[in-house]
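In the numbering used here, the protein residues as written are 12 to 373.
Think of the CB as a built atom: it goes at the ideal place given N, C-alpha and C, for glycine as much as any other residue.
A quick write-up on the structure given underneath.
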Amino acid sequence: TNSTMATTKSSSSNDTPAAASPSSPLPDVTEVTIHPLVLLSATDHYHRVARGTRKRAVGVLLGSSSRGAVDATNSFAVPFEEDSKNSEVFYLDHNYLENMLAMFRKVHAKERVVGFYSTGPQIRSNDLRIFDLVKRFVPAGTITPPVFVIIDVRPGRESIPTTAYRVVEEVDSNVPAAAAASNKGGGAAEVRKTFAHVPSLIGAMEAEEVGVEHLLRDINDPTVSTVANLVKAKLSGLSTLTEKLVEMKDYLTAVSEGRMKPNAEIIANMQAIVNLLPNLNVEELVRSMLVKNNDMHMVIYLSALIRCVIALHDLVLNKIAYNEEVGDGLGDVIVKAKKAEKDDSGEEKKEEEDTKASKEKK
Numbered sequence: 012t013n014s015t016m017a018t019t020k021s022s023s024s025n026d027t028p029a030a031a032s033p034s035s036p037l038p039d040v041t042e043v044t045i046h047p048l049v050l051l052s053a054t055d056h057y058h059r060v061a062r063g064t065r066k067r068a069v070g071v072l073l074g075s076s077s078r079g080a081v082d083a084t085n086s087f088a089v090p091f092e093e094d095s096k097n098s099e100v101f102y103l104d105h106n107y108l109e110n111m112l113a114m115f116r117k118v119h120a121k122e123r124v125v126g127f128y129s130t131g132p133q134i135r136s137n138d139l140r141i142f143d144l145v146k147r148f149v150p151a152g153t154i155t156p157p158v159f160v161i162i163d164v165r166p167g168r169e170s171i172p173t174t175a176y177r178v179v180e181e182v183d184s185n186v187p188a189a190a191a192a193s194n195k196g197g198g199a200a201e202v203r204k205t206f207a208h209v210p211s212l213i214g215a216m217e218a219e220e221v222g223v224e225h226l227l228r229d230i231n232d233p234t235v236s237t238v239a240n241l242v243k244a245k246l247s248g249l250s251t252l253t254e255k256l257v258e259m260k261d262y263l264t265a266v267s268e269g270r271m272k273p274n275a276e277i278i279a280n281m282q283a284i285v286n287l288l289p290n291l292n293v294e295e296l297v298r299s300m301l302v303k304n305n306d307m308h309m310v311i312y313l314s315a316l317i318r319c320v321i322a323l324h325d326l327v328l329n330k331i332a333y334n335e336e337v338g339d340g341l342g343d344v345i346v347k348a349k350k351a352e353k354d355d356s357g358e359e360k361k362e363e364e365d366t367k368a369s370k371e372k373k
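Here it is in structure tokens:
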């Protein structure tokens, strides 16, 4: 068969991978750049095959690599299924993958396989075996190994939606007691593969930037003011900052409780961040911020008031123009009322003249 049905055991972890010291160094991957077309294709793939389910979408990343920098410019979906009861059983269509690669080579000769993506949102036990399968389709002589990218398609995510990983080999000393007893040297160790984080970013060429701008222009809501957009951007930034601070807190808590080993570089970066924080407990600074805040609120209040008055004025002018062009019966009522008043005044004047004439006769 041209498809794959795997039931072998995997040594990968379902939890977040830890970057350990590799025993045999593999070619390093410094960064991974994801282009907008990959994000659009992965999102469309997920909504077509896995939306509303616990499934995930898997596809192949195409692009180029140079000196450890991977540039994923294109992608395509691959038929993929996993057994919900047995996580070690999965299905990947080799025939489809080979045919798609052959067709892509005809129109994109420079693009090659640089890795694979998954909608995750977390690493699963089959990802190492999928990595080994995708590695077979990497051109011979390629120095940079393929990468694994998790594309989070959930709409509520505030931070960057991509997380990149590379495969490293580490020495695992936590082997079963039986294996340790069978080892004559007394020190049992096992070399296994695991995933390590790689910096990822969103990049685009000039043509892609133009296309993305046109898409955002169609999505933009003209009824929302610029102030609302600025406030939304501030809230998004603060939400991301909160997530990062919580992550730092969890790391420090885990280190203090002994659940994780301390990393001097991470702790030094945290100390540098804390040292860069400004001192806000200055009376003059607090007073200046309050005055500035009051001034900004006054401007917002006056702007809203003027906007409301102008809207009411336009509504009145629109109503007057509508009555003049179409009419709603009010004009006829006003004319009849004026005519009735004129007739009443004429009758009263005539009665006064008759009364005056009768008095003179007497």
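Under DSSP, Val-209 takes part in a beta bridge, and its partners are Ala-175.
Straight-line measurement puts the Cα of Phe-127 at about 30 angstroms from the Cα of Val-257. Looking from the CA of Gly-131, the closest CA among Ser-77, Ala-61, Ala-279 belongs to Ala-61. Short of 6 angstroms from the beta carbon of Ala-175, and not among the five residues preceding or following it, lie these beta carbons of its own chain, in chain order: Val-43, Val-158, Val-160, Val-209, Ser-211. Contact between Met-307 and Met-281 fails: their C-beta atoms lie close to 33 angstroms from each other, not under 8 angstroms.
Sixteen is the threshold: since fewer than 16 other Cβ atoms of the shown chains lie within 10 Å of the Cβ of Ala-368, the residue is exposed.
For Asp-183, the closest of Ile-171, Glu-268, Val-202, Pro-172 by C-alpha to C-alpha distance is Val-202. Residue pairing by DSSP puts Glu-201 in a beta bridge opposite Asp-183. The stretch 129 to 169 contains, as complete alpha helix (DSSP H) runs of 4+ residues, the segments 138 to 146 (chain order). In the DSSP assignment, Asn-304 falls within the unbroken alpha helix (DSSP H) covering 294 to 336.
Under DSSP, the beta-bridge partners assigned to Ala-83 are Ile-45, Gly-74. Within 10 angstroms of the beta-carbon of Pro-172 lie 16 or more other beta-carbons, which makes it buried.
Within the same chain, and ignoring the five residues on either side of Ile-162 in sequence, the residues whose Cβ sits closer than 7 angstroms to its Cβ are Leu-50, Ala-53, Tyr-128, Thr-130, Pro-172, Thr-173.
Rounded to whole angstroms, the gap between the alpha carbons of Ala-275 and Arg-228 is 45 angstroms. One thing to note: Pro-47 has its Cβ no nearer than 8 angstroms to the Cβ of Glu-217. By the CB criterion at 8 angstroms, Phe-115 and Glu-122 fall inside the cutoff.
Listed in chain order, the non-local C-beta contacts of Glu-93 below 6 angstroms within the same chain comprise Phe-101, local neighbours out to five positions each way being set aside. If you ignore the 5 residues before and after Asn-137, its C-beta comes within less than 6 angstroms of the C-beta of Phe-101, all in its own chain and listed in chain order. A distance of 8 angstroms or more separates the beta carbons of Leu-112 and Phe-142. Under the criterion of beta carbons closer than 8 angstroms, Val-71 and Phe-87 qualify as touching, at roughly 6 angstroms.
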